[in-house]
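When you read off a place in the sequence shown, starting at 1, and then add 3, the result is the number in my numbering. Just so you know, even glycine gets a beta-carbon here, dropped at the ideal spot from N, CA and C. These figures come from a predicted structure and were not determined experimentally.
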Amino acid sequence: MRMSIEFSTRVARAWDGARACENAQMRAAPLVLPASLVTALRAARSVAVLTGAGVSAESGVPTFRDAQQGLWAQFDPRELATPSAFARNPKRVWDWYAMRRDMVARVAPNPAHFALAELERRVPDFLLATQNVDGLHRRAGSVRVVELHGNITRVRCSAEGTVVAQWREPADALPPRCPACGAYLRPDVVWFEEMLPADALAAAEDAARRCDVLLVAGTSAEVYPAAALPELAQRAGALVVEVNPNETPLSADAGHVLRGPAGVVLPALVAAAFPG
Ligand code: BJW
């Protein structure tokens, strides 16, 4: 119980930080959309999108690496998001994810999610590859979505990988057990040092290779293999567009960089390319 209170307070602080950050970004400089970008997006037959935590920031979900309000500013990822952390202290890891699962259930998609769902309806060939585990893209109406890092709302057996629909929180200081084999249950997310779901990654790589335009929104572009998708697309001839209020390792190589919050930039871009 003490652990839950600790997580509750500190994650709530990150949530508040995400909202403060959102408010500050909303007051950012006016957005300029290059005409060549609008034309390219309108003409594109195939569009791929890579999203990261920044796309959910305006829903109030904390990012990972933002200096003040990111989760990794308050929590050590090696203690919470690795298989060895779960092996060392399964209850601590379980509690952290349970807290975040509760928080995610209480937020809603923002204009960035809705703009990407609208873009999907306008483009013949489309794929949205997200690193986010919050499920907000589907809740906004996106259909052609692959979740590269899993989904925090699901739970699976840590031994067999079977997704378990229902579980009861045990009274003791351990995570719940798999009803079939008795191993601990764990969140159905991808931790560091774990492989990404092969079908999701293959679909994202295919989309990156064949797209005309790749939008990269709200990611620090630091975590591989997702961070390799922009280069894959660029080598195959795609126009790569970064949407991010801050500089990332991708910024120097992107064809266009739109500096601003995704909840402002993406609706404006989609409306400019597909008016009416
Ligand atoms: C806004 C905004 C607004 C703010 N609008 N934008 C050495 C040892 C072991 C492994 C490695 C190693 N070196 C490299 C690796 C590989 C490792 C890796 O890449 N590490 C790097 C950190 C160096 N990768 C892996 O381990 C992956 N697996 C793998 O490679 O398997 C093969 C392998 C096996 C064994 C050994 C080695 C390799 C798995 C990666 C799994 C990542 N998992 C997490 C946690 C998921 C579960 C959870 O939620 O807890 O995924 S970590 C975290 O980072 C999460 C995210 O999906 C991911 C990416 O973060 P993201 O989305 O980019 O968020 P931020 O916070 O970084 O950035 C937010 C951005 O938004 C910022 O740029 C802001 O400016 C911006 N922003 N507000 C738009 N309003």
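Proximity test, residue i beta-carbon vs the ligand ZN heavy atom, cut-off 7 Å
| i | result |
| --- | --- |
| Trp194 | Because the ligand ZN does not appear in the structure shown, any question about it cannot be addressed here, the ligands present being the ligand BJW. |
Check: residue i C-beta below 7 Å from any heavy atom of the ligand BJW
| i | result |
| --- | --- |
| Gln134 | yes |
| Asp105 | no |
| Asp256 | no |
| Asp69 | yes |
| His152 | yes |
| Glu163 | no |
| Tyr187 | no |
| Ala111 | no |
| Met102 | no |
| Leu217 | no |
| Ser223 | yes |
| Leu199 | yes |
| Ala265 | yes |
| Pro228 | yes |
| Val158 | no |
| Glu234 | no |
| Gly240 | no |
| Glu61 | yes |
| Pro248 | yes |
| Val167 | no |
| Ala231 | no |
| Arg173 | The question names Arg, but residue 173 in the sequence shown is Pro. Flag unset: Cβ of Pro173 not near the ligand BJW. |
Simplified DSSP assignment, three categories, for residue i
| i | result |
| --- | --- |
| Ala220 | strand |
| Ala27 | Confidence is the limiting factor: at Ala27 the pLDDT is only 46, short of 50, which leaves the residue's position unreliable and the question unanswerable from this model. |
| Val226 | coil |
| Pro248 | coil |
| Asp202 | helix |
| Val260 | strand |
| Val267 | helix |
| Val243 | strand |
| Val273 | helix |
| Val167 | coil |
| Val192 | strand |
| Asp175 | coil |
| Met4 | Interpretation of Met4 is limited by its pLDDT of 38, a score under 50 that renders its predicted location unreliable; the figure taken from the coordinates is listed afterwards. Met4 falls in the coil class under three-state DSSP. |
Residue i vs residue j beta-carbon contact at 8 Å
| i | j | result |
| --- | --- | --- |
| Ala265 | Ala43 | no |
| Ala143 | Thr165 | no |
| Ser59 | Asp137 | yes |
| Pro200 | Val219 | no |
| Leu253 | Ala224 | yes |
| Ala88 | Leu151 | no |
| Phe277 | Arg48 | no |
| Pro93 | Glu197 | no |
| Pro190 | Ile155 | yes |
| Val246 | Val268 | yes |
| Gly263 | Leu40 | no |
| Ala56 | Val64 | yes |
| Gln134 | Ala229 | yes |
| Leu130 | Ala51 | yes |
| Trp194 | Ala84 | yes |
| Gly221 | Val192 | no |
Fill in: Residue ranges of each beta strand (DSSP E) within the region 131-159, 3 or longer
148-150
Fill in: Cβ contact (3+ pairs, closer than 8 Å) linking the region 119-126 and the region 135-148
yes
Item to complete: Count the C-beta pairs between the region 148-162 and the region 178-192 that are closer than 8 Å, then say yes if the count reaches three, no if not.
Response: yes
Worksheet item: Counting only runs that start and end within the region 45-129, where is the beta strand (DSSP E) found for 3 or more residues in a row?
Response: 49-54
Discussion item. If contact is defined by three or more beta carbon pairs under 8 Å, each pair taking one atom from either stretch, is the region 233-242 in contact with the region 204-220?
Written reply: yes
Item to complete: For the region 94-103 and the region 241-258, state whether three or more C-beta atom pairs, one from each stretch, are separated by less than 8 Å.
Response: no
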